[in-house]
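Visitor:
2 protein chains.
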Amino acid sequence: MKNYKLKIEYDGSRYFGWEHQPDKPTIQGKIESVLSRMLYPDQEIAPVPDLIGAGRTDAGVHARGMIASVKMDTDLSCDQIRDYCNRYLPDDIAIREVSLASDRFHARYNAVGKTYRYSAFYGPVHPVFNRKYISILENDVDIEKMQRAAAFLQGSHDFRSFCGNSRFKKSTVRVVDRIEIRRSKGYIYFTLHGTGFLQNMVRIIVGTLLLVGQGRIEPEDVKNILEARDRKAAGPTAPAKGLMLLSVDY
Amino acid sequence: MKNYKLKIEYDGSRYFGWEHQPDKPTIQGKIESVLSRMLYPDQEIAPVPDLIGAGRTDAGVHARGMIASVKMDTDLSCDQIRDYCNRYLPDDIAIREVSLASDRFHARYNAVGKTYRYSAFYGPVHPVFNRKYISILENDVDIEKMQRAAAFLQGSHDFRSFCGNSRFKKSTVRVVDRIEIRRSKGYIYFTLHGTGFLQNMVRIIVGTLLLVGQGRIEPEDVKNILEARDRKAAGPTAPAKGLMLLSVDY
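Protein chains in written order, with this note's numbering: chain A, 1 to 250; chain B, 1001 to 1250.
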């Protein structure tokens, strides 16, 4: 068995997230079924290889650079695997690269960092062509206030208040070493880099920063929200459609 | 009655083109029905204002800067008209600007130039996020050859060979003063500027240039195609989804 590393791009709009679920379209499910067909073209009921993603994106979240690993036994070259997948995958999922990885490479366990971008828009005229990849704001926001609030979140913290899974038993300490917020022609971009993120964490951080930006809470309140270690202390979960996984570090 | 000028952006994917047709969704039809509702909010069967577009884009063609004019009697400000329309239009159509025009302004008759861009893509991995706005090429193309062919089309010519309407009775002489072709990361962009374009003309020019780019005809053959004054002499009509009306000059 060889171990392959895949770089994957997808428009998550139509999917119930990365992770496979019975009877629901998911990114992992679509790719696994194409790989199964590639490996066992003549078998009606074929084994399905286990595609391990760097993380599990939520329903509706997009990716430019999701990384996955999969062990397979095939004579096809990396480019042939990529081309086969792209021929049979729907046009909202693309395998950008396939490469051989060491036997011990594991897309989830070996990931040491991830970059996410959240795109929002405020203005009188909503963009037409990017409409599926942005979240529309009803009110304008103060970028400088959000930047001050974000500074409290940077570093190593217990992010339990920003975890969407209230029954999560493991450590909720994570390192977020970069939160950049900038405005460009009505778009407001949040770029976050960290060693790992809890469920919904980026969207809850953005939802909370937007409360600050709208003046509904103060930048300093974010300190208390962190310390509360309670999901109810933080702001709402920002809509999935604005979120994009840009890249994964190994 | 005041005369208004509208700047309109739309994703044409879901529409049967600009011009209204009974029982089919069109851009003109959608905007006219919203304007009618704005002008006569309480009438079940209300008059529909006549929205005059600078041109009629085909089914599936997109626009960033379509211009239209419409005569209306309303106390609303230009921004209020824009905001009303955007609130009730579907999210794949947006009114970017509304301004007051002189009584004699006519979006079609007064248009003196138009800029179109056609976007194609060739490469092993198709883009996911732009997939509705590009045409995928099965074979690579020679940009330099297409540029040489395009030079024969620039200027004032009888473009009958590039007219999709075989029963068109009026003059088919048009001036195309710019055809730029460039490649960027797998994308191939054709930018055309002219005083006016016949039905399907940009798409037939692109379809013919792509034949040259694929080596199936020579750049010099385009001279003969022009001289034939026969639609059958030219190449195929390139798919609508790659075409975008960028702007209209007055």
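Think of the CB as a built atom: it goes at the ideal place given N, C-alpha and C, for glycine as much as any other residue.
Any beta carbon of chain B sitting closer than 9 Å to that of A:His126?
Guide: Interface residue, yes.
Visitor: Taking Cβ-Cβ distances below 8 Å as the criterion, which residues of the stretch 1119-1152 of chain B are in contact with chain A?
Guide: Against chain A - using a Cβ distance shorter than 8 Å - the residues of the stretch 1119-1152 of chain B are Pro1124, Val1125, His1126, Pro1127, Val1128, Phe1129, Arg1131, Tyr1133.
Visitor: Our contact map puts B:Ser1102 next to B:Cys1078 with C-beta atoms below 8 Å; I'd like the distance itself, whole angstroms only.
Guide: Contact doesn't hold; Cβ gap of about 14 Å is too wide.
Visitor: Along the chain, where does the beta strand (DSSP E) containing A:Glu32 start, and where does it finish?
Guide: Careful: A:Glu32 lies outside any beta strand (DSSP E), inside the alpha helix (DSSP H) at 27-39.
Visitor: Spatial neighbours of A:Arg183 within its chain, please: C-beta separation below 7 Å, excluding the five flanking residues on both sides.
Guide: The answer, listed in chain order, is Ile143.
Visitor: Should A:Val128 and B:Ile1093 be called a contact, given that it needs their Cβ atoms to be closer than 9 Å?
Guide: Taking 9 Å as the Cβ cut-off, A:Val128 and B:Ile1093 qualify as a contacting pair.
Visitor: Would A:Phe190 and A:Ile204 qualify as a contact pair, given that the criterion is a beta-carbon distance under 9 Å?
Guide: No.
Visitor: When the cut-off is 9 Å and only beta carbons count, does A:Tyr10 lie next to chain B?
Guide: So, interface residue.
Visitor: May I ask which residues mark the beginning and end of the alpha helix (DSSP H) holding B:Leu1266?
Guide: This structure cannot speak to residue 1266 of chain B, because chain B is shown only from 1001 to 1250.
Visitor: Along the beta strand (DSSP E) that carries B:Ala1233, what are the first and last residues, could you check?
Guide: That residue, B:Ala1233, is in no beta strand (DSSP E); it is neither H nor E in DSSP.
Visitor: With 16 other CB atoms within 10 Å as the buried threshold, where does A:Phe168 fall?
Guide: Burial call: exposed.
Visitor: Taking the alpha carbon of B:Lys1232 as the point to measure from, which residue in B:Gly1186, B:Ser1161, B:Ile1067 has its own alpha carbon closest?
Guide: Among B:Gly1186, B:Ser1161, B:Ile1067, the Cα nearest to that of B:Lys1232 is on B:Ser1161.
Visitor: Considering only C-alpha positions, which residue in the set A:Lys114, A:Gly12, A:Ile27, A:Tyr4 is nearest to A:Val175?
Guide: Per the Cα distances, A:Lys114.
Visitor: Figure out for me which residue from A:Ser33, A:Ser247, A:Tyr40 has the closest Cα to the Cα of A:Val196.
Guide: In the sequence on display, residue 196 of chain A carries Gly and not Val. Among A:Ser33, A:Ser247, A:Tyr40, the Cα nearest to that of A:Gly196 belongs to A:Ser247.
Visitor: Could you give the distance in angstroms between the alpha-carbon of A:Ala54 and the alpha-carbon of A:Tyr40?
Guide: If I take the Cα positions, the gap works out to 25 Å.
Visitor: Can you find a CB in chain A that lies within less than 9 Å of the CB of B:Asp1058?
Guide: Closer than 9 Å: no.
Visitor: Give the DSSP-derived three-state secondary structure of A:Lys145 in the structure shown.
Guide: The answer is helix: DSSP assigns A:Lys145 an H, G or I state.
Visitor: Out of B:Gly1242, B:Tyr1122, B:His1193, point me to the one whose CA is closest to B:Ser1156's CA.
Guide: Nearest C-alpha to B:Ser1156: B:His1193.
Visitor: Three or more C-beta pairs closer than 8 Å, one from the stretch 1051-1071 of chain B and one from the stretch 224-242 of chain A: is that the case here?
Guide: Output reads no: the stretch 224-242 of chain A does not touch the stretch 1051-1071 of chain B.
Visitor: Name the chain B residues that come within less than 7 Å of A:Ala94, Cβ to Cβ?
Guide: Within chain B, the residues near A:Ala94 are Val1125, His1126, Val1128.
Visitor: Of all the CB atoms in chain A, is at least one closer than 9 Å to the CB of B:His1062?
Guide: Yes, its Cβ sits closer than 9 Å to a Cβ of chain A.
Visitor: Restricting to Cα atoms, I'd like to know which of A:Ser166, A:Ile217, A:Lys7 is closest to A:Met146.
Guide: Closest option to A:Met146, Cα to Cα, is A:Ile217.
Visitor: With a CB to CB cut of under 6 Å and the five nearest residues on each side skipped, what residues in its chain are close to B:Asn1200?
Guide: Only Gly1164, Thr1237 meet the Cβ criterion.
Visitor: Going by Cα to Cα distance, which pick from B:Leu1245, B:Ile1188, B:Thr1208, B:Leu1006 is closest to B:Lys1071?
Guide: Nearest C-alpha to B:Lys1071: B:Leu1006.
Visitor: Looking only at C-alpha atoms, which of B:Arg1148, B:Gly1186, B:Ala1111 sits nearest to B:Asn1130?
Guide: The residue with the shortest Cα to Cα distance from B:Asn1130 is B:Gly1186.
Visitor: If you measure beta-carbon to beta-carbon, which residues of the stretch 1198-1223 of chain B are closer than 9 Å to chain A?
Guide: The stretch 1198-1223 of chain B vs chain A, Cβ under 9 Å: nothing.
Visitor: Which residues in chain A have a C-beta closer than 8 Å to the C-beta of B:Arg1082? List them in chain order.
Guide: Those are Pro124, Val125, listed as they occur along chain A.
Visitor: Would you verify that the beta carbon of A:Asn86 is, or is not, closer than 9 Å to some beta carbon of chain B?
Guide: True, the Cβ-Cβ gap to chain B drops below 9 Å.
Visitor: Excluding the 5 residues flanking A:Leu211 on each side, which residues of the same chain have their C-beta closer than 7 Å to its C-beta?
Guide: So the qualifying residues of the chain are Ile217, Gly235.
Visitor: Am I right that A:Gly60 and A:Ala240 are in contact with their C-beta atoms under 8 Å? What's the rounded C-beta distance?
Guide: So it is a contact: roughly 3 Å between Cβ atoms.
Visitor: Give me, in chain order, the residues of the same chain whose beta-carbon lies closer than 6 Å to that of B:Asp1253; leave out the 5 immediate sequence neighbours on both sides.
Guide: There is no way to answer for residue 1253 of chain B, as the model of chain B reaches only from 1001 to 1250.
Visitor: Taking Cβ positions, are B:Gly1118 and B:Leu1243 nearer each other than 9 Å?
Guide: It is Tyr, not Gly, that sits at residue 1118 of chain B in the sequence shown. For B:Tyr1118 and B:Leu1243, yes; Cβs fall inside 9 Å.
Visitor: Hey, how far is the Cα of A:His106 from the Cα of A:Met1?
Guide: Whole-angstrom Cα-Cα distance: 14 Å.
Visitor: In terms of DSSP beta bridges, what is B:Ser1247 paired with?
Guide: Paired residues: B:Thr1115.
Visitor: Whose C-alpha, out of B:Asn1139, B:Asp1042, B:Arg1108, is nearest the C-alpha of B:Ala1120?
Guide: Considering only alpha carbons, the answer is B:Asn1139.
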